[in-house]
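Asker: My structure is below; once you've seen it, I'll send some questions.
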Amino acid sequence: MAALAPPPTSPRRRVQPLLWRLQSMLASYVPLLLMAMLAGFTWWLIKNTPQLEAPREKAAPKHEPDYRMNGFEVERFSSDGRLTGRIIGTEMRHYPDNDTLEIDAPQLRAYGKQGELLVADAQRGLSNGDGSEVQLLGDVKVKRYPEGDPSQPPDLELYGEFLHAFVPQQQIRSHLPARVIGMGGEMQVKSFVYDQLTGRLSFSGGGRATFAARPGTRAAAPAAKAAASAPTAARKP
78 MAALAPPPTS
88 PRRRVQPLLW
98 RLQSMLASYV
108 PLLLMAMLAG
118 FTWWLIKNTP
128 QLEAPREKAA
138 PKHEPDYRMN
148 GFEVERFSSD
158 GRLTGRIIGT
168 EMRHYPDNDT
178 LEIDAPQLRA
188 YGKQGELLVA
198 DAQRGLSNGD
208 GSEVQLLGDV
218 KVKRYPEGDP
228 SQPPDLELYG
238 EFLHAFVPQQ
248 QIRSHLPARV
258 IGMGGEMQVK
268 SFVYDQLTGR
278 LSFSGGGRAT
288 FAARPGTRAA
298 APAAKAAASA
308 PTAARKP
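Each residue of the sequence shown is one higher than the one before, counting from 78 in the working numbering.
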């Protein structure tokens with residue numbers, strides 16, 4: 078009797094080396110790791126990238142002084158070197174936004190060709206950058222000395238609350254009421270213009286004037302009163 082052979086068996090599966098399995102695992106997960114790293118880097122980049130600011134509106138310049146001067150003095154000269162004007166103040170502040178000067182206790186001096194002197198002072202002053210125009214405000218007083226000597230009595234005085242001085246032209250004017258003393262009388266005017274170069278005083282808008290009686294007039298009429306008409310001008314001798 079013949080012996081039966083054992084049934085055929087399937088070939089045994091070959092065990093893969095450990096290194097090969099690690100390489101296969103890495104090959105499968107590396108793309109996932111790279112994608113995760115890329116996503117994380119993208120998130121970090123977005124979080125740390127500075128945001129572009131929306132364009133801001135240009136801020137309006139502030140009205141603040143950029144420098145101050147105490148006890149200052151500014152002088153102006155003519156083309157031939159003659160002193161024509163001087164501005165004095167206890168403190169001056171410059172404002173760069175509109176190039177103006179603010180002056181405390183200002184005093185203006187205008188020197189005429191014949192030696193006459195015009196002095197104006199006030200509580201406060203405003204001037205443009207080059208000092209060619211000055212506005213005096215508060216308790217304005219103006220006095221004219223024909224011989225240029227402030228120790229002598231003035232021949233013209235003006236009192237008011239506002240004065241606009243044009244330094245190169247040596248002209249002062251005001252659109253507000255003022256009191257004028259000179260030429261032998263006193264006037265209350267609503268506005269005036271005075272030219273230092275010509276000695277001409279013009280006023281308009283109506284007013285009232287009182288003049289002292291001249292020697293030889295009747296005692297019953299010690300003063301004459303007249304309403305000033307517009308325009309009226311008086312010239313200094």
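Yeah, the Cβ is synthetic: ideal placement off N, Cα and C, and Gly gets one too.
Keep in mind the model is a prediction, meaning the values are calculated, not measured.
If distances are taken between C-alpha atoms only, which option among Asp-272, Gln-247 and Gly-206 comes closest to Pro-142?
Answerer: It is Gly-206 whose Cα lies nearest to the Cα of Pro-142.
Asker: For Ile-315, which residues does DSSP report across the bridge?
Answerer: An answer regarding residue 315 cannot be provided, because it is not within the stretch 78 to 314 covered by the chain.
Asker: Leu-213 and Pro-173: beta carbons closer than 9 angstroms?
Answerer: No. Outside cutoff.
Asker: Are Val-266 and Ile-249 closer than 9 angstroms when you measure CB to CB?
Answerer: Not a contact, by the Cβ cut-off of 9 angstroms.
Asker: To the nearest angstrom, how far is the alpha carbon of Val-244 from that of Asp-198?
Answerer: Near 14 angstroms, if we compare the C-alpha coordinates of Asp-198 and Val-244.
Asker: Quick check: Glu-193 and Pro-223, are their CB atoms within less than 9 angstroms of each other?
Answerer: Yes.
Asker: Out of curiosity, what's the CA-to-CA distance linking Ala-137 and Asn-175?
Answerer: Computed Cα separation, rounded: 12 angstroms.
Asker: Where Leu-111 and Lys-135 are concerned, what is the direct C-alpha to C-alpha distance, given to the nearest angstrom?
Answerer: Going by the C-alpha atoms only, they are around 47 angstroms apart.
Asker: Does DSSP classify Thr-126 as helix, strand or coil?
Answerer: Of the three classes helix, strand and coil, the one that applies to Thr-126 here is coil, per DSSP.
Asker: Just to confirm my understanding: we take Val-219, look at its own chain, exclude 5 residues before and 5 after, and list those with CB closer than 6 angstroms. What are they?
Answerer: Counting only Cβ-Cβ distances below 6 angstroms, and skipping sequence neighbours, we find Ala-197 and Leu-235.
Asker: What is the rounded straight-line gap between the Cα of Asp-181 and the Cα of Ser-204?
Answerer: Between Asp-181 and Ser-204, the C-alpha separation is close to 11 angstroms.
Asker: For Met-114, write down the residues that DSSP places opposite it in a beta bridge.
Answerer: DSSP lists no partner for Met-114.
Asker: Helix, strand or coil, according to DSSP, for Ser-38 in the structure here?
Answerer: As displayed, the chain neither begins before 78 nor continues past 314, which places residue 38 out of reach and without an answer.
Asker: For Arg-170 versus Arg-145, is the C-beta distance shorter than 9 angstroms?
Answerer: It is a contact, given that the beta carbons lie within the stated cut-off.
Asker: Bridge partners for Thr-167 per DSSP, in chain order?
Answerer: According to DSSP, which records beta bridges pairwise, Thr-167 is partnered with nothing at all.
Asker: Could you tell me the alpha carbon to alpha carbon distance between Leu-233 and Gly-261, rounded to whole angstroms?
Answerer: The straight-line gap from Cα to Cα measures roughly 10 angstroms.
Asker: Could you work out which residue in Glu-263, Ser-279 and Ser-281 is closest to Thr-287 when comparing CA atoms only?
Answerer: It is Glu-263 whose Cα lies nearest to the Cα of Thr-287.
Asker: Which residues mark the beginning and the end of the beta strand (DSSP E) in which Ala-136 is found?
Answerer: Taken as a continuous stretch (DSSP letters only), Ala-136 belongs to no beta strand (DSSP E), as it is neither H nor E.
Asker: Leaving out five residues before and five after Gln-229 in sequence, what residues of the same chain have Cβ atoms less than 7 angstroms from its Cβ?
Answerer: Tyr-222.
Asker: Along the beta strand (DSSP E) that carries Asn-205, what are the first and last residues, could you check?
Answerer: Start and end: 201 to 205.
Asker: Using C-beta distances below 6 angstroms, list every residue in its chain close to Gly-215, excluding the 5 sequence neighbours before and after it, in chain order.
Answerer: Same-chain partners within the cutoff: Ala-199, Gln-200 and Arg-201.
Asker: For Ser-281, list the residues DSSP reports as bridge partners.
Answerer: DSSP, once it has assigned bridges, lists Ser-268 as partnering Ser-281.
Asker: Could you give the distance in angstroms between the alpha-carbon of Ser-209 and the alpha-carbon of Ser-281?
Answerer: For Ser-209 and Ser-281, the distance between alpha carbons rounds to 25 angstroms.
Asker: Cα separation between Arg-285 and Pro-231?
Answerer: In a straight line, the C-alpha of Arg-285 is about 22 angstroms away from that of Pro-231.
Asker: Give the straight-line distance between the Cα atoms of Arg-186 and Ile-164, rounded to the nearest whole angstrom.
Answerer: Cα to Cα, the separation comes out at about 7 angstroms.
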